[in-house]
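Heads up, the sequence shown is in my numbering, so the first residue is -14 and it goes up one at a time.
What follows is a short report on a single structure.
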Amino acid sequence: MSKKLLVELRQKRKVYGMWKEGQATWEDYRNVVKACRDATRKAKVHLELNLARDVKNNKKGFFNYISRKRKTRDNVGLLLNEVGVLVMEDAEKAELLSAFFASVFSAKASPRESQALEVREEACRRDDPPLVDDDCVRDHLSNLNTHKSMGPDGMHPRVLRQLADVIAEPLSIIFERSWRTREVPEDWRKASVTPVFKKGKKEDPGNYRPVSLTSIPGKMVEKLILDVISKQVEAKKVIRSIQHGFTKGKSCLTNLIAFYDGMTGWVDEGRAVDVVYLDFSKAFDAVSHNILLRKLRKCGLDEWPVR
(Lines of atoms letter the chains of each structure in order from A and count residues from 1; the text may use other names and numbers.)
(Lines give C-alpha, C1' and ligand atoms only; values in the text may rest on other atoms or scores of the structure.)
Protein backbone atom coordinates (compact mmCIF):
# COMPACT_ATOMS: atom_id res chain seq x y z
CA MET A 1 0.00 0.00 0.00
CA SER A 2 1.97 2.97 -1.30
CA LYS A 3 1.21 6.56 -0.35
CA LYS A 4 -0.12 7.26 -3.82
CA LEU A 5 -2.50 4.30 -3.66
CA LEU A 6 -3.77 5.33 -0.23
CA VAL A 7 -4.55 8.82 -1.57
CA GLU A 8 -6.54 7.33 -4.44
CA LEU A 9 -8.50 5.07 -2.09
CA ARG A 10 -9.41 8.08 0.07
CA GLN A 11 -10.43 9.97 -3.05
CA LYS A 12 -12.66 7.08 -4.07
CA ARG A 13 -14.48 7.13 -0.73
CA LYS A 14 -14.78 10.90 -0.90
CA VAL A 15 -16.33 10.87 -4.39
CA TYR A 16 -18.66 8.06 -3.36
CA GLY A 17 -19.96 10.21 -0.50
CA MET A 18 -20.39 13.17 -2.87
CA TRP A 19 -22.31 10.99 -5.33
CA LYS A 20 -24.65 9.76 -2.56
CA GLU A 21 -25.35 13.40 -1.65
CA GLY A 22 -25.91 14.38 -5.29
CA GLN A 23 -22.75 16.52 -5.50
CA ALA A 24 -21.08 14.28 -8.13
CA THR A 25 -22.32 12.36 -11.16
CA TRP A 26 -22.23 8.60 -11.59
CA GLU A 27 -19.69 8.96 -14.38
CA ASP A 28 -17.34 10.86 -12.06
CA TYR A 29 -17.55 8.10 -9.49
CA ARG A 30 -17.06 5.37 -12.12
CA ASN A 31 -13.92 7.09 -13.43
CA VAL A 32 -12.47 7.30 -9.92
CA VAL A 33 -13.30 3.61 -9.30
CA LYS A 34 -11.61 2.61 -12.56
CA ALA A 35 -8.47 4.63 -11.79
CA CYS A 36 -8.33 3.20 -8.26
CA ARG A 37 -8.75 -0.36 -9.56
CA ASP A 38 -5.95 0.08 -12.11
CA ALA A 39 -3.63 1.53 -9.47
CA THR A 40 -4.38 -1.38 -7.11
CA ARG A 41 -3.63 -3.95 -9.80
CA LYS A 42 -0.36 -2.24 -10.70
CA ALA A 43 0.66 -2.11 -7.04
CA LYS A 44 -0.12 -5.82 -6.65
CA VAL A 45 1.88 -6.72 -9.77
CA HIS A 46 4.77 -4.57 -8.54
CA LEU A 47 4.71 -6.30 -5.15
CA GLU A 48 4.68 -9.79 -6.67
CA LEU A 49 7.54 -8.91 -9.05
CA ASN A 50 9.63 -7.65 -6.14
CA LEU A 51 8.90 -10.79 -4.11
CA ALA A 52 9.84 -13.02 -7.05
CA ARG A 53 13.02 -11.04 -7.77
CA ASP A 54 14.18 -11.01 -4.14
CA VAL A 55 13.11 -14.57 -3.29
CA LYS A 56 16.72 -15.62 -2.57
CA ASN A 57 17.15 -12.92 0.06
CA ASN A 58 13.59 -12.84 1.37
CA LYS A 59 12.20 -16.37 1.22
CA LYS A 60 10.09 -15.82 4.31
CA GLY A 61 8.26 -12.84 2.80
CA PHE A 62 7.66 -14.76 -0.43
CA PHE A 63 6.14 -17.80 1.28
CA ASN A 64 4.16 -15.64 3.71
CA TYR A 65 2.54 -13.97 0.72
CA ILE A 66 1.81 -17.37 -0.86
CA SER A 67 0.33 -18.65 2.41
CA ARG A 68 -2.01 -15.66 2.67
CA LYS A 69 -3.35 -16.43 -0.79
CA ARG A 70 -4.26 -19.99 0.13
CA LYS A 71 -7.95 -20.44 0.88
CA THR A 72 -7.35 -22.94 3.69
CA ARG A 73 -4.54 -23.75 6.10
CA ASP A 74 -4.08 -27.44 6.75
CA ASN A 75 -3.48 -28.30 10.38
CA VAL A 76 -2.72 -31.78 11.70
CA GLY A 77 -6.02 -33.65 11.61
CA LEU A 78 -7.08 -36.82 13.36
CA LEU A 79 -4.29 -39.38 13.90
CA LEU A 80 -4.41 -43.13 14.46
CA ASN A 81 -2.52 -44.39 17.51
CA GLU A 82 -0.95 -47.85 18.00
CA VAL A 83 -4.28 -49.54 18.72
CA GLY A 84 -6.07 -47.93 15.77
CA VAL A 85 -8.01 -45.33 17.76
CA LEU A 86 -8.36 -41.82 16.35
CA VAL A 87 -6.66 -39.15 18.47
CA MET A 88 -8.41 -35.76 18.53
CA GLU A 89 -6.77 -33.70 21.32
CA ASP A 90 -3.80 -31.52 20.30
CA ALA A 91 -1.68 -32.66 23.25
CA GLU A 92 -2.28 -36.32 22.39
CA LYS A 93 -1.39 -35.66 18.74
CA ALA A 94 1.86 -33.99 19.79
CA GLU A 95 2.79 -36.91 22.05
CA LEU A 96 1.93 -39.43 19.32
CA LEU A 97 4.02 -37.65 16.68
CA SER A 98 6.88 -37.13 19.12
CA ALA A 99 6.96 -40.82 19.97
CA PHE A 100 6.96 -41.78 16.31
CA PHE A 101 9.74 -39.34 15.35
CA ALA A 102 11.87 -40.68 18.22
CA SER A 103 11.21 -44.31 17.30
CA VAL A 104 12.50 -43.86 13.75
CA PHE A 105 16.05 -43.08 14.90
CA SER A 106 18.23 -46.19 15.19
CA ALA A 107 21.34 -45.90 17.39
CA LYS A 108 23.48 -48.85 16.35
CA ALA A 109 26.33 -49.40 18.78
CA SER A 110 29.76 -50.21 17.42
CA PRO A 111 31.71 -53.00 19.18
CA ARG A 112 34.99 -51.41 18.21
CA GLU A 113 34.22 -48.01 19.70
CA SER A 114 35.71 -48.71 23.15
CA GLN A 115 38.76 -50.47 21.71
CA ALA A 116 39.85 -47.53 19.58
CA LEU A 117 39.06 -44.82 22.16
CA GLU A 118 42.62 -44.53 23.51
CA VAL A 119 44.07 -44.41 19.99
CA ARG A 120 41.75 -41.52 19.09
CA GLU A 121 42.52 -39.58 22.24
CA GLU A 122 46.23 -39.85 21.45
CA ALA A 123 45.62 -38.72 17.85
CA CYS A 124 43.53 -35.81 19.12
CA ARG A 125 46.34 -34.69 21.45
CA ARG A 126 48.76 -34.67 18.52
CA ASP A 127 46.47 -32.43 16.42
CA ASP A 128 46.23 -28.71 17.00
CA PRO A 129 43.21 -27.78 19.15
CA PRO A 130 40.41 -25.91 17.39
CA LEU A 131 40.55 -22.13 17.34
CA VAL A 132 37.46 -20.03 16.61
CA ASP A 133 38.46 -16.61 15.31
CA ASP A 134 36.48 -13.51 16.35
CA ASP A 135 36.47 -12.18 12.79
CA CYS A 136 35.01 -15.44 11.49
CA VAL A 137 32.17 -15.29 14.01
CA ARG A 138 31.63 -11.60 13.22
CA ASP A 139 31.35 -12.38 9.50
CA HIS A 140 28.75 -15.09 10.18
CA LEU A 141 26.76 -12.71 12.39
CA SER A 142 26.93 -9.91 9.80
CA ASN A 143 25.63 -12.24 7.08
CA LEU A 144 22.61 -13.50 9.05
CA ASN A 145 19.35 -13.38 7.15
CA THR A 146 17.12 -11.02 9.11
CA HIS A 147 14.02 -12.52 7.49
CA LYS A 148 14.59 -15.89 9.18
CA SER A 149 12.58 -16.90 12.23
CA MET A 150 14.08 -16.90 15.69
CA GLY A 151 14.57 -20.12 17.62
CA PRO A 152 13.11 -21.24 20.96
CA ASP A 153 15.62 -18.99 22.78
CA GLY A 154 13.81 -15.89 21.48
CA MET A 155 16.96 -14.32 19.94
CA HIS A 156 15.98 -12.78 16.61
CA PRO A 157 18.64 -12.83 13.85
CA ARG A 158 18.13 -9.09 13.33
CA VAL A 159 19.26 -8.42 16.92
CA LEU A 160 22.27 -10.72 16.58
CA ARG A 161 23.26 -9.08 13.31
CA GLN A 162 23.06 -5.54 14.71
CA LEU A 163 25.11 -6.57 17.77
CA ALA A 164 27.74 -8.45 15.75
CA ASP A 165 30.65 -6.25 16.88
CA VAL A 166 29.67 -6.60 20.55
CA ILE A 167 28.91 -10.32 20.85
CA ALA A 168 31.43 -11.75 18.36
CA GLU A 169 34.18 -12.22 20.98
CA PRO A 170 32.07 -13.86 23.75
CA LEU A 171 30.35 -16.11 21.20
CA SER A 172 33.73 -17.20 19.78
CA ILE A 173 34.81 -18.20 23.31
CA ILE A 174 31.62 -20.23 23.81
CA PHE A 175 31.97 -21.86 20.38
CA GLU A 176 35.58 -22.84 21.00
CA ARG A 177 34.78 -24.14 24.49
CA SER A 178 31.92 -26.22 23.10
CA TRP A 179 34.18 -27.61 20.36
CA ARG A 180 36.98 -28.54 22.75
CA THR A 181 34.76 -30.14 25.41
CA ARG A 182 32.34 -31.82 22.95
CA GLU A 183 29.48 -30.35 24.99
CA VAL A 184 26.54 -28.46 23.48
CA PRO A 185 24.68 -25.89 25.61
CA GLU A 186 21.23 -27.07 26.58
CA ASP A 187 19.48 -24.13 24.88
CA TRP A 188 21.02 -25.14 21.56
CA ARG A 189 19.59 -28.65 21.85
CA LYS A 190 16.04 -27.36 22.17
CA ALA A 191 13.94 -27.07 19.03
CA SER A 192 10.43 -26.13 17.98
CA VAL A 193 9.32 -29.14 15.93
CA THR A 194 6.55 -28.78 13.35
CA PRO A 195 5.07 -31.87 11.64
CA VAL A 196 4.72 -31.41 7.87
CA PHE A 197 2.50 -33.76 5.87
CA LYS A 198 4.24 -35.55 3.00
CA LYS A 199 1.93 -38.04 1.27
CA GLY A 200 -0.52 -40.87 1.82
CA LYS A 201 -3.16 -40.99 4.52
CA LYS A 202 -3.20 -38.02 6.87
CA GLU A 203 -4.27 -40.26 9.76
CA ASP A 204 -0.93 -42.12 9.68
CA PRO A 205 1.79 -40.43 11.82
CA GLY A 206 4.39 -42.04 9.56
CA ASN A 207 3.35 -39.76 6.71
CA TYR A 208 4.57 -36.64 8.53
CA ARG A 209 8.14 -35.38 8.66
CA PRO A 210 9.53 -33.21 11.46
CA VAL A 211 10.91 -29.75 10.72
CA SER A 212 13.00 -28.37 13.60
CA LEU A 213 13.59 -24.71 14.36
CA THR A 214 16.68 -24.31 16.57
CA SER A 215 18.56 -21.33 17.98
CA ILE A 216 20.68 -19.11 15.72
CA PRO A 217 23.95 -19.49 17.74
CA GLY A 218 23.56 -23.27 17.62
CA LYS A 219 23.23 -23.13 13.85
CA MET A 220 26.30 -20.90 13.66
CA VAL A 221 28.58 -23.32 15.50
CA GLU A 222 27.26 -26.10 13.27
CA LYS A 223 28.18 -24.02 10.23
CA LEU A 224 31.66 -23.32 11.58
CA ILE A 225 32.35 -27.03 12.04
CA LEU A 226 30.73 -27.80 8.69
CA ASP A 227 33.11 -25.36 6.96
CA VAL A 228 36.10 -27.15 8.48
CA ILE A 229 34.79 -30.60 7.52
CA SER A 230 33.90 -29.43 3.99
CA LYS A 231 37.40 -28.06 3.41
CA GLN A 232 39.00 -31.27 4.61
CA VAL A 233 36.64 -33.43 2.54
CA GLU A 234 37.32 -31.28 -0.53
CA ALA A 235 41.09 -31.38 0.01
CA LYS A 236 41.08 -35.18 0.35
CA LYS A 237 38.75 -35.56 -2.67
CA VAL A 238 36.27 -37.69 -0.72
CA ILE A 239 33.14 -36.55 -2.58
CA ARG A 240 32.95 -37.53 -6.24
CA SER A 241 31.81 -35.20 -9.00
CA ILE A 242 28.56 -37.13 -9.52
CA GLN A 243 27.38 -36.14 -6.02
CA HIS A 244 24.98 -33.19 -6.24
CA GLY A 245 23.12 -33.21 -2.91
CA PHE A 246 24.44 -30.96 -0.14
CA THR A 247 27.36 -29.91 -2.35
CA LYS A 248 28.32 -26.28 -2.81
CA GLY A 249 27.45 -24.99 -6.27
CA LYS A 250 25.24 -27.98 -7.05
CA SER A 251 21.57 -28.72 -6.52
CA CYS A 252 18.62 -30.79 -7.71
CA LEU A 253 18.67 -28.68 -10.88
CA THR A 254 22.29 -29.55 -11.77
CA ASN A 255 21.55 -33.20 -11.00
CA LEU A 256 18.53 -33.12 -13.31
CA ILE A 257 20.54 -31.48 -16.12
CA ALA A 258 23.34 -34.06 -15.84
CA PHE A 259 20.83 -36.91 -15.73
CA TYR A 260 18.89 -35.53 -18.71
CA ASP A 261 22.12 -35.08 -20.71
CA GLY A 262 23.18 -38.67 -20.07
CA MET A 263 19.79 -40.16 -20.89
CA THR A 264 19.31 -38.20 -24.11
CA GLY A 265 22.86 -39.06 -25.19
CA TRP A 266 22.16 -42.78 -24.88
CA VAL A 267 18.81 -42.42 -26.65
CA ASP A 268 20.49 -40.55 -29.52
CA GLU A 269 22.92 -43.47 -29.86
CA GLY A 270 19.97 -45.85 -30.23
CA ARG A 271 20.60 -47.61 -26.93
CA ALA A 272 17.82 -48.95 -24.70
CA VAL A 273 17.45 -46.95 -21.50
CA ASP A 274 15.80 -48.14 -18.29
CA VAL A 275 15.53 -45.89 -15.25
CA VAL A 276 15.14 -47.16 -11.69
CA TYR A 277 14.32 -44.66 -8.91
CA LEU A 278 15.32 -45.56 -5.34
CA ASP A 279 14.53 -43.74 -2.13
CA PHE A 280 15.58 -44.53 1.44
CA SER A 281 12.73 -44.30 3.91
CA LYS A 282 13.63 -41.92 6.79
CA ALA A 283 17.23 -41.96 5.53
CA PHE A 284 18.58 -39.07 7.62
CA ASP A 285 16.72 -40.12 10.77
CA ALA A 286 18.04 -43.68 10.56
CA VAL A 287 21.74 -42.81 10.13
CA SER A 288 23.78 -44.29 12.98
CA HIS A 289 26.11 -41.73 14.55
CA ASN A 290 28.80 -44.35 15.22
CA ILE A 291 28.81 -45.55 11.62
CA LEU A 292 28.95 -41.96 10.38
CA LEU A 293 31.89 -41.15 12.68
CA ARG A 294 33.79 -44.23 11.54
CA LYS A 295 33.34 -43.21 7.92
CA LEU A 296 34.55 -39.68 8.63
CA ARG A 297 37.69 -41.07 10.28
CA LYS A 298 38.20 -43.49 7.39
CA CYS A 299 38.09 -40.52 5.00
CA GLY A 300 41.06 -39.04 6.87
CA LEU A 301 39.34 -36.16 8.68
CA ASP A 302 41.12 -34.59 11.65
CA GLU A 303 40.09 -35.89 15.05
CA TRP A 304 38.87 -32.55 16.48
CA PRO A 305 36.02 -32.04 13.96
CA VAL A 306 35.07 -35.72 14.22
CA ARG A 307 34.83 -35.45 18.02
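Heads up, the beta-carbon is just placed ideally off N, CA and C, and yes, glycines get one too.
Worksheet item: With a Cβ-Cβ cutoff of 7 Å, do isoleucine 201 and leucine 145 count as a contact?
Response: Judged by their CB atoms, isoleucine 201 and leucine 145 are nearer to each other than the 7 Å cut-off.
Worksheet item: Going along the chain, which residues of its own chain have a beta-carbon closer than 6 Å to the beta-carbon of asparagine 240, five neighbours each way excluded?
Response: Contacts found: His229.
Worksheet item: From this set, Ala76, Leu81, Arg55, Asn130, which residue's C-alpha is nearest asparagine 66's C-alpha?
Response: If you compare the alpha carbons of Ala76, Leu81, Arg55, Asn130 with that of asparagine 66, the shortest gap goes to Leu81.
Worksheet item: Can you give the beta carbon distance from lysine 221 to cysteine 284, rounded, assuming they're within the 8 Å contact cut?
Response: The Cβ separation is near 6 Å, so the contact holds.
Item to complete: Report the three-state DSSP secondary structure of proline 195 (helix, strand or coil).
Response: Here proline 195 sits in strand by DSSP.
Fill in: Assigned secondary structure, serine 177 (DSSP; H/G/I helix, E/B strand, else coil)
DSSP places serine 177 in strand when its eight states are reduced to three.
Item to complete: Look up phenylalanine 86 in the DSSP assignment and say whether it is helix, strand or coil.
Response: Three-state DSSP puts phenylalanine 86 in a helix.
Discussion item. Need the endpoints of the alpha helix (DSSP H) that proline 202 sits in, please.
Written reply: DSSP places proline 202 in the uninterrupted alpha helix (DSSP H) bounded by 201 to 220.
Worksheet item: How should alanine 268 be labelled, buried or exposed, when 16 other C-beta atoms within 10 angstroms of its C-beta is the threshold for buried?
Response: Burial is judged here by how many other beta carbons sit within 10 angstroms of a residue's own beta carbon; alanine 268 has fewer than 16 and is exposed.
Item to complete: May I ask which residues mark the beginning and end of the alpha helix (DSSP H) holding glutamine -4?
Response: DSSP places glutamine -4 inside the alpha helix (DSSP H), whose first and last residues are -12 to 5.
Discussion item. Looking at proline 195: is its Cβ nearer than 7 Å to the Cβ of valine 169?
Written reply: The Cβ atoms of proline 195 and valine 169 lie no closer than 7 Å to each other.
Discussion item. Which residue wins for smallest C-alpha separation from asparagine 275, given the options Pro114, Arg225, Phe90?
Written reply: Looking at the Cα atoms, Phe90 is the closest of the given residues.
Fill in: Collapsed DSSP secondary structure at valine 122 in the structure displayed
Residue state for valine 122 is assigned as helix, using DSSP reduced to three classes.
Practice prompt. Give every residue of the same chain whose Cβ lies closer than 8 Å to the Cβ of asparagine 42, excluding the five residues on either side of it in the sequence, and list them in chain order.
Written response: If you ignore the 5 residues before and after asparagine 42, its C-beta comes within less than 8 Å of the C-beta of Asn130, His132, all in its own chain and listed in chain order.
Worksheet item: Tell me which same chain residues have a C-beta within less than 6 Å of the C-beta of glutamine 100, skipping the five on either side of it?
Response: Note on glutamine 100: pLDDT 49, under 50, position unreliable in the model; no value is reported.
Practice prompt. Using only alpha-carbon positions, find the residue among Glu207, Val181, Glu288, Thr10 that is nearest to phenylalanine 86.
Written response: Closest in C-alpha terms to phenylalanine 86, from the list Glu207, Val181, Glu288, Thr10, comes Val181.
Item to complete: Can you give me the Cβ contacts of valine 40 inside the same chain, cut-off strictly under 6 Å, excluding the 5 residues immediately before and after it?
Response: For valine 40, where only same-chain residues beyond five positions count, the Cβ hits under 6 Å are Phe47.
Item to complete: Compute the Euclidean distance between the alpha carbons of lysine -11 and aspartate 13, then round it to the nearest angstrom.
Response: Distance between the alpha carbons of lysine -11 and aspartate 13 is about 19 Å.
Worksheet item: Per DSSP, leucine 64 is paired with what?
Response: Partner(s): Val72.
Worksheet entry | Assigned exposure category for tyrosine 193 - 16 Cβ within 10 Å defines buried | With a threshold of 16 other beta carbon atoms within 10 Å, tyrosine 193 meets it and is buried.
Worksheet entry | Collapsed DSSP secondary structure at leucine 277 in the structure displayed | It is helical.
Item to complete: Would you list the residues sitting across from phenylalanine 182 in a DSSP beta bridge?
Response: Answer is Tyr193, bridged to phenylalanine 182.
Discussion item. Using 8 Å as the cut-off, can you tell me whether the segment 24 to 36 makes contact with the segment -10 to 1, which would need three or more C-beta pairs spanning the two stretches below that distance?
Written reply: Enough Cβ pairs lie closer than 8 Å, so yes.
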